[in-house]
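Just below is one structure, and these are the notes that go with it.
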Amino acid sequence: MTKTPITIARGDGIGPEIMDATLQILEAGGAQLDTEEIEIGEKVYERGVMTGIEDSSWASLRKTKVFLKAPIFTPMGGGFKSLNVTVRKTMGFYANVRPCVAYAPYVDSLFPDMDMVVVRENEEDLYAGIEYRNTQDVRTALKVISRPGSERIIRYAFEYAKANNRKKVTCMIKDNIMKVADGLFYQVFQEIGEDYPDIEKERYIIDIGAARIAARPGDFDVVVTENLYGDIISDIAAEVTGSVGLGISANIGDHGAMFEAMHGTAPDIAGQGIANPSGLLLGAVMMLVHIGQNDVAGKVHNAWLKTIEDGIHTGDLYKDGISARNVGTDEFAKAVIERMGEKPEKLPVRDYGSGGGALKLPPVRERVTQKKVLDGVDVFVDWEGAPDDLAAIINDNLADGLTLKIISNRGVKVWPDGAPETFCSDSWRLRMIGDTATHTQIAAQLSKLHEAGLDFTGTENLYSFDGEAGYTKAQGE
Ligand code: NAI
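Note that the sequence shown ends on residue 481 in my numbering; no numbers are left out.
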């Protein structure tokens, strides 16, 4: 078997100890790896590299396209950037995959049958980082959801389910409130789901979905969701497994993938030889499946399960009555190596099949061009006063062909016929509609508002696509 090149980073704190243990176990399992090491984290930050990774290290990541990463120290503040975010964004890792499995009774969990995977979109949503202070009192953060972005992550979830013999994919969204953005994500889920007739599809509104994960995680198989919801539910799911310390995370894109443990550098126990290497090891097992060394993945995973089952535990897992021996990092690695080829008797045996390596997704579907019509414009203005007074100023300063339809404040209609109870901030939305609106009219309208002494802080054009409005109504409209 030819060796697969991979990039590794030993990281900070307990990183080097758990990486050494992991690599020893992988070698004993017969993994065919050609490792290249890069330096990331604390020492690189100390050299003044704000991202925690040297420019020269990108070449290795671009070449091997597979990154096994130990935890690193992330400095707070001071302009330093999170290395994880930098690597994820630079390499285009659009999928964050987090298997959440209970290992009861060896690890306490209220849900011994839990074995679910959260597939989280990694690039869009509120994480696009587009935020504004619009007025003195109002700030906004833009939620970005694209059709191709949604399609890629949803396709990934279904293909992952298919390749891993999973029976159900659940989509979690809040499309009852965010009808346009989350509505698109769910619509794409329904469309892509049609290509997978053998997989059960399910939909949850994120709030009740998150509650269900906390209360009945055994009901779930694969869950696909947007970035922010995924951030929250993957932590809930990891927590209810009973051991965040065994949690793993894979970041996957078209140009490579990164595998790591969820835990951090554990500075309190660094250098003592007592850290548990299991998180990084299980991340490495996912990596072996990704590079097509499925038989080794199964062998290593089963040897690890047998070790846990035999009660050979590091201090973080050790429990009187359940554990047989409290061991250090090296001894734990030796115990796993001694059990190579054995299978667990009580915990479920893992079988990764023969596998074809990284999931190969079909290209994003061809785009069908829709008829786009400009209906009008929402203009946001910074103003203080009563809604009727603002309406009077606007109606005296309308561009030809545009009419003022509504004024809203914080999304609630305040004119015409607003409720006296509505609290108004200093940021107002004026919705102007035309029978045949044009960009020239909108530009003329902005000039008129400026001449009338109004500070317009932003605009959003209102478009319809194939006759369907691409914008929401204000509450109460
Ligand atoms: P942590 O996960 O490092 O530690 C939390 C607790 O869990 C500590 O008591 C620690 O001893 C224990 N622990 C963690 N991993 C363990 C292991 N493998 N074996 C035995 N015990 C383990 O979280 P903390 O203290 O919040 O963060 C420490 C540092 O790690 C920070 O600088 C943080 O930025 C960084 N970090 C890095 C991550 C990454 O590179 N992916 C992820 C999370 C945190």
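Backbone N, C-alpha and C define an ideal beta-carbon position, used for all residues, glycine too.
Since the structure is predicted, the reported quantities are computational estimates derived from the model, not experimental observations.
> Do the CB positions of Phe162 and Ile203 come within less than 8 Å of each other?
Replying inline: On the sequence shown, position 158 is the one that residue 162 refers to. On the sequence shown, position 199 is the one that residue 203 refers to. Result yes, Cβ atoms of Phe162 and Ile203 sit closer than 8 Å.
> Applying the criterion that 16 or more other CB atoms from any shown protein chain within 10 Å of the CB defines a buried residue, is Ser451 buried or exposed?
Replying inline: Sequence index remark: in the sequence shown, residue 451 carries index 447 (1-based). Under this definition Ser451 is an exposed residue.
> With respect to the beta strand (DSSP E) encompassing Phe263, which residues constitute its N-terminal and C-terminal limits?
Replying inline: To locate residue 263, count along the sequence shown from 1; it is residue 259. Run containing Phe263: Gly260 to Ala265, per the beta strand (DSSP E) assignment.
> Between the segment 354-373 and the segment 408-422, do three or more beta carbon pairs fall short of 8 Å?
Replying inline: no
>> With DSSP as the reference, identify every bridge partner of Pro9, one or two as the case may be.
In response: For the purposes of this step, residue 9 is taken as residue 5 along the sequence shown, with counting starting at 1. In DSSP, Pro9 forms a bridge with Asp38.
> Quick one: Cα of Val289 to Cα of Lys376, how far?
Replying inline: Start at 1 with the first residue of the sequence shown, and residue 289 comes out as number 285. Start at 1 with the first residue of the sequence shown, and residue 376 comes out as number 372. Cα to Cα, Val289 sits roughly 48 Å from Lys376.
> Can you check whether the CB of Glu264 is closer than 8 Å to the CB of Ser253?
Replying inline: Sequence index remark: in the sequence shown, residue 253 carries index 249 (1-based). Sequence index remark: in the sequence shown, residue 264 carries index 260 (1-based). A contact, by the Cβ cut-off of 8 Å.
> Is the segment 70-84 touching the segment 278-298 in the sense that three or more CB pairs, one from each, lie closer than 8 Å?
Replying inline: yes
>> What does the alpha-carbon distance come out to for the pair Ala390 and Met80?
In response: For the purposes of this step, residue 390 is taken as residue 386 along the sequence shown, with counting starting at 1. For the purposes of this step, residue 80 is taken as residue 76 along the sequence shown, with counting starting at 1. Rounded to the nearest angstrom, the gap between the Cα atoms of Ala390 and Met80 is 44 Å.
> So is Ala32 buried or exposed if we call it buried at 16+ other beta carbons inside 10 Å?
Replying inline: The residue labelled residue 32 in the question sits at position 28 within the sequence shown. Classification of Ala32: buried, given that the 10 Å Cβ count is 16 or more.
> Taking contact to mean at least 3 C-beta pairs separated by less than 8 Å, is the segment 228-238 in contact with the segment 111-124?
Replying inline: yes
> Is the beta carbon of Asp386 less than 8 Å from the beta carbon of Thr461?
Replying inline: Sequence index remark: in the sequence shown, residue 386 carries index 382 (1-based). Sequence index remark: in the sequence shown, residue 461 carries index 457 (1-based). Yes, the pair counts as a contact, with Cβ atoms nearer than the cut-off.
>> Can you tell me whether Asp320 sits near the ligand NAI, meaning its C-beta is under 7 Å from at least one heavy atom of the ligand?
In response: By 1-based counting over the sequence shown, the position of residue 320 is 316. Yes, Cβ of Asp320 sits closer than 7 Å to a heavy atom of the ligand NAI.
>> Between which two residues does the alpha helix (DSSP H) holding Val89 run?
In response: Numbered from 1 along the sequence shown, position 85 holds the residue referred to as residue 89. Element bounds for Val89: Leu87 to Met95.
> Would you say the beta carbon of Phe469 comes nearer than 7 Å to a heavy atom of the ligand NAI?
Replying inline: Mapped onto the sequence shown, residue 469 falls at position 465. Incorrect: Phe469 has no Cβ contact closer than 7 Å to the ligand NAI.
> When you compare each of Asp235, Gly275 and Val111 to Gly325 by their alpha carbons, which one comes out closest?
Replying inline: Numbered from 1 along the sequence shown, position 321 holds the residue referred to as residue 325. Among Asp235, Gly275 and Val111, the Cα nearest to that of Gly325 is on Val111.
> Starting from Glu31 and walking both ways along the beta strand (DSSP E), at which residues does that stretch end?
Replying inline: What you label residue 31 is simply residue 27 of the sequence shown in a count that begins at 1. Premise fails: Glu31 lies in the alpha helix (DSSP H), Gly19 to Ala32, not in any beta strand (DSSP E).
> Curious, which full-length beta strand (DSSP E) runs of at least 3 residues does the segment 379-465 contain?
Replying inline: Scanning the segment 379-465 for uninterrupted beta strand (DSSP E) segments of 3 residues or longer gives 406-413, 416-419 and 431-438, listed from N- to C-terminal end.
>> Below 8 Å, how does it come out for the segment 339-352 and the segment 396-404: are there three or more Cβ pairs, yes or no?
In response: no
> Looking only at its own chain, which residues have a Cβ that is under 6 Å from the Cβ of Ala108, when we skip the five neighbours before and after it?
Replying inline: What you label residue 108 is simply residue 104 of the sequence shown in a count that begins at 1. These residues qualify, in order along the chain: Pro116.
> Tell me the DSSP bridge mates of Ala473?
Replying inline: Residue 473 sits at position 469 when you count from the first residue of the sequence shown. Note: Ala473 sits in a beta bridge opposite Ser468.
> Nearest-angstrom Cα distance between Ile212 and Gln36?
Replying inline: By one-based count along the sequence shown, residue 212 stands at place 208. By one-based count along the sequence shown, residue 36 stands at place 32. The straight-line gap from Cα to Cα measures roughly 44 Å.
> If you scan the segment 258-318 from start to end, which runs of the alpha helix (DSSP H) of 4 or more residues do you find wholly inside it?
Replying inline: 282-294 and 298-313
>> Distance check for Asp141 and Pro424, CA to CA, integer angstroms please.
In response: Counting from 1 along the sequence shown, the entry for residue 424 is found at position 420. Counting from 1 along the sequence shown, the entry for residue 141 is found at position 137. The alpha-carbon atoms of Pro424 and Asp141 are separated by roughly 21 Å.
> Hey, Ile411 and Arg433: beta-carbon distance below 8 Å or not?
Replying inline: One-based indexing of the sequence shown puts residue 411 at position 407. One-based indexing of the sequence shown puts residue 433 at position 429. Yes, they are a contact pair.
>> By alpha-carbon positions, which one of Ala473, Ala395 and Pro103 ends up nearest to Leu453?
In response: For the purposes of this step, residue 453 is identified with residue 449 of the sequence shown, where counting begins at 1. With distances taken between Cα atoms, Leu453 lies closest to Ala395.
> By how many angstroms is the C-alpha of Ser86 removed from the C-alpha of Asn298?
Replying inline: Walking along the sequence shown from the start, residue 298 turns up at place 294. Walking along the sequence shown from the start, residue 86 turns up at place 82. Using only the alpha carbons, I get a separation of about 32 Å.
> alpha helix (DSSP H) containing Phe336: first to last residue?
Replying inline: To locate residue 336, count along the sequence shown from 1; it is residue 332. Run containing Phe336: Thr333 to Glu342, per the alpha helix (DSSP H) assignment.
> Is Asn280 closer than 8 Å to Lys347 when the C-beta atoms are compared?
Replying inline: The sequence position of residue 347 within the sequence shown is 343, counting from 1. The sequence position of residue 280 within the sequence shown is 276, counting from 1. Contact flag unset, no.
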